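Undergrad: Numbering (the numbering used here), first residue to last: 4 to 327. Ideal Cβ placement from N, Cα and C applies to all residues, glycine included. It should be emphasised that the depicted structure is a prediction, and the values quoted were computed from it without experimental measurement.
1) Could you check whether residue 166 and residue 120 sit closer than 8 Å to each other, using their CB atoms as the reference points?
2) Report yes if the C-beta distance between residue 1 and residue 127 is below 8 Å; otherwise report no.
3) Terminal residues of the continuous beta strand (DSSP E) containing residue 49?
4) Mark residue 132 as exposed unless 16 or more other C-beta atoms lie within 10 angstroms of its C-beta, in which case mark it buried.
5) Specify the secondary structure class of residue 174 as computed by DSSP and reduced to three states.
6) Taking just the CA atoms, how far does residue 17 sit from residue 317?
7) For residue 303, does the count of other Cβ atoms within 10 angstroms reach 16, so buried, or fall short, so exposed?
8) Taking the DSSP output, what are the residues bridged to residue 83?
9) Which value, in whole angstroms, describes the spacing of the CA atoms of residue 253 and residue 210?
10) Counting C-beta neighbours from all protein chains within 10 Å, is the total for residue 294 16 or more, i.e. buried, or is it exposed?
11) Which whole runs of the alpha helix (DSSP H) in the region 92-165 are 4 residues long or more, in chain order?
12) Relative to the alpha-carbon of residue 139, which residue among 64, 170, 88 and 157 has its alpha-carbon at the smallest distance?
13) Ordered along the chain, which non-local residues of its own chain (more than five positions away) have a Cβ less than 8 Å from that of residue 70?
14) Expressed to the nearest angstrom, what Euclidean distance is found between the alpha-carbon atoms of residue 250 and residue 265?
15) Tell me whether the region 141-155 and the region 80-94 touch, counting them as touching only if at least three CB pairs, one residue from each stretch, are closer than 8 Å.
16) Could you tell me whether any non-hydrogen atom of the ligand MN is closer than 7 Å to the CB of residue 48?
17) Using a 10 Å radius around the Cβ and a threshold of 16 neighbouring Cβ atoms, would you call residue 178 buried or exposed?
18) From residue 39 to residue 102, what does the alpha carbon distance come to, in whole angstroms?
19) Tell me which same chain residues have a C-beta within less than 8 Å of the C-beta of residue 280, skipping the five on either side of it?
20) What does the alpha-carbon distance come out to for the pair residue 322 and residue 88?
21) Residues in the same chain with beta-carbon distance under 7 Å from residue 271, minus the five sequence neighbours each way, listed in chain order, please.
22) Can you list the alpha helix (DSSP H) stretches of 4 or more residues lying completely in the region 191-263, in chain order?
23) Skipping 5 residues on each side, what residues in its chain have a beta carbon closer than 7 Å to that of residue 277?
24) Put residue 74 into one of helix, strand or coil per three-state DSSP.
25) From 230, 80 and 32, pick the residue whose C-alpha is nearest to that of residue 42; which is it?
26) What is the DSSP secondary structure of residue 42, reduced to helix, strand or coil?
27) Determine the DSSP secondary structure at residue 283, reduced to helix, strand or coil.
28) Suppose contacts are defined by Cβ-Cβ distances below 8 Å. Is residue 152 in contact with residue 96 by that definition?
29) Using 8 Å for Cβ pairs, my map puts residue 198 next to residue 298. What's the rounded Cβ distance?
30) Could you pull the start and end residues of the beta strand (DSSP E) that residue 17 belongs to?
31) Start and end of the alpha helix (DSSP H) containing residue 311?
32) Look at the alpha carbon of residue 51 and the alpha carbon of residue 44, and state the distance between them as a whole number of angstroms.
33) With a threshold of 6 Å on Cβ separation, who are the neighbours of residue 57 within its own chain once the five nearest residues in sequence on each side are excluded?
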C-alpha cells in the first residue's frame, strides 16, 4: 500500500449499555484487528481485505447485541492528514513491539542470570517464549507501515531462543544430562493407522532426534518388544503420553527441545490428539482439516509418513521467525 495516499476504513458503532460485556468484547476485537480510535466509538483501519473482514465481524457482533455499526470507506479523515494517520498506526505498533521486547529481555535474563535454571524451569520459559512469539506474529500481521520497533522486538525474541539453545547444549542435550540420548538409525516402533500425534512424533524424531530413524508400524496386540527398539505412542512405550502431555510433548520434554516453533506445534498436536481446547491456537482447526485430508487420501502408513513429513516441515517453517 502506498503511504502517500492510502484509503481508509472507518467504523462507527453505537453499543447499548447492556449487556455489560459487549463493549469490552468489541473493543478487544478492534484492538486485535489493529484499529486505532479517532474518538469515542469511531475507529480507523487501512482499507485492506482482511481489515474489511475483521470489521464485518465487529458489525455482526454489535448488531447481534442490539447496537448499530456502520463501516465507511474514506480517502481522507477530517482533521488529520494521511501522514498523521500513518504515524498513529506506527506509534501503536511501536508500543506493541516495545512490550514484546521488554518481555523478551526479561525471559533472556531469566535464562542467563545465575544460578542455572533447572530443566523444568527451562520448559516453563519455553512455553512463555512460544506465547511471546505468537504475540509478535500477531503484531506483524497488523503492522502495515513497518513500525521502527519491529526489528528490536524480533531480536529480543530471537535472543531468548538462542539462550534456550545454549542451555540445551550443542547437540540439544541438557547440560545436567537430563535429556535423552539421541538415536542414530534406531528402529522406532508405533501403532498402525497413523494420525496426528504419531505423525507429528515421527516427524519430530526424523527431523530433530534421529535423522536416520527407521519406522515400524505394528498391530499393538500382536507386537512383542525387542531391544533396542524404541516405542512411541504405545502402551508401555518408552515415549508416550505422560501426565497431561501427548507423545509429541513428551518427546519435546525428554529430548530438551525448546524451540518455540516446536512448542507451538506441540500445543496444536495436544489439543487435536486429546480433543481439548487447552491452548486454542487459531491454527488448530486448519491443521485438523489438513491432517484429516492426509489420512483419508493416503491408505498406508508409509505414504502417510512420507506426506506427513512435508506437511510438518511446512508447518514448522510457518512458525519460525521470518527474520534472519
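TA: The relevant details are as follows:
1) One-based indexing of the chain shown puts residue 120 at position 117. One-based indexing of the chain shown puts residue 166 at position 163. Their beta carbons are not under 8 Å apart, which means residue 120 does not touch residue 166 by this criterion.
2) Past the edges of the chain, shown from 4 to 327, lies residue 1, and the structure says nothing about it.
3) Reading the chain shown from its first residue, position 46 is the one you call residue 49. Run containing residue 49: 45-49, per the beta strand (DSSP E) assignment.
4) As a position in the chain shown, residue 132 is number 129, starting the count at 1. The residue in question, residue 132, is buried, as its Cβ has 16 or more Cβ neighbours within 10 Å.
5) Taking the first residue of the chain shown as position 1, residue 174 is located at position 171. Residue placement at residue 174 is poorly supported in this model, since its pLDDT is 37, which falls under 50; the coordinates still yield a value, given next. Correct three-state label for residue 174: coil.
6) Here the question's residue 317 lines up with position 314 in the chain shown. Here the question's residue 17 lines up with position 14 in the chain shown. Near 43 Å, if we compare the C-alpha coordinates of residue 17 and residue 317.
7) Against the chain shown, residue 303 aligns to sequence position 300. Using a 10 angstroms sphere on the CB of residue 303, the tally of other CB atoms stays under 16, which defines it as exposed.
8) Here the question's residue 83 lines up with position 80 in the chain shown. Per DSSP, 80.
9) By 1-based counting over the chain shown, the position of residue 253 is 250. By 1-based counting over the chain shown, the position of residue 210 is 207. When rounded, the distance between both Cα atoms is 16 Å.
10) Taking the chain shown and counting its residues from 1, the one referred to as residue 294 is at position 291. Burial call: buried.
11) 122-144
12) Taking the first residue of the chain shown as position 1, residue 139 is located at position 136. Of the listed residues, the one whose Cα sits closest to residue 139 is 157.
13) Reading the chain shown from its first residue, position 67 is the one you call residue 70. 16, 17, 18, 19 and 25.
14) Within the chain shown, the letter at position 247 stands for residue 250. Within the chain shown, the letter at position 262 stands for residue 265. Cα to Cα, the separation comes out at about 13 Å.
15) yes
16) Annotation note on the ligand MN: not contained in the displayed structure, which lists no ligands.
17) One-based indexing of the chain shown puts residue 178 at position 175. Per-residue confidence for residue 178 stands at a pLDDT of 37, beneath the threshold of 50, marking its modelled position as unreliable; the derived number appears in the next sentence. Counting Cβ neighbours within 10 Å, residue 178 comes out exposed, since fewer than 16 surround it.
18) The residue you call residue 39 lines up with position 36 of the chain shown. The residue you call residue 102 lines up with position 99 of the chain shown. Whole-angstrom Cα-Cα distance: 17 Å.
19) As a working note, residue 280 is residue 277 in the chain shown. Cβ within range, chain order: 274.
20) Against the chain shown, residue 322 aligns to sequence position 319. Against the chain shown, residue 88 aligns to sequence position 85. Cα-Cα distance, rounded: 31 Å.
21) As a first step, residue 271 must be located in the chain shown, where it is residue number 268. 284, 286, 287 and 290, listed in sequence order.
22) 199-207 and 250-257
23) Numbered from 1 along the chain shown, position 274 holds the residue referred to as residue 277. Taken in chain order, the residues that qualify are 249.
24) Residue mapping note: residue 74 aligns to position 71 of the chain shown, counting from 1. The answer is strand: DSSP assigns residue 74 an E or B state.
25) One-based indexing of the chain shown puts residue 42 at position 39. The residue with the shortest Cα to Cα distance from residue 42 is 80.
26) In the chain shown, counting from the first residue as 1, residue 42 sits at position 39. In the structure shown, residue 42 sits in a strand (DSSP, three-state: E or B).
27) Counted from its first residue, the chain shown places residue 283 at position 280. The answer is coil: DSSP assigns residue 283 none of H, G, I, E or B.
28) In the chain shown, the residue the question calls residue 152 occupies position 149. In the chain shown, the residue the question calls residue 96 occupies position 93. Closer than 8 Å, so yes.
29) For the purposes of this step, residue 198 is taken as residue 195 along the chain shown, with counting starting at 1. For the purposes of this step, residue 298 is taken as residue 295 along the chain shown, with counting starting at 1. Yes, residue 198 and residue 298 are in contact; Cβ-Cβ is about 6 Å, under 8 Å.
30) Taking the chain shown and counting its residues from 1, one reaches residue 17 at position 14. It spans 11-17 - the beta strand (DSSP E) in which residue 17 sits, taken as one unbroken run.
31) What you label residue 311 is simply residue 308 of the chain shown in a count that begins at 1. Here the alpha helix (DSSP H) through residue 311 covers 304-322.
32) Within the chain shown, residue 51 is the residue found at index 48, counting from 1. Within the chain shown, residue 44 is the residue found at index 41, counting from 1. Each residue's alpha carbon lies about 20 Å from the other.
33) In the chain shown, the residue the question calls residue 57 occupies position 54. Result list for residue 57: 36, in chain order.
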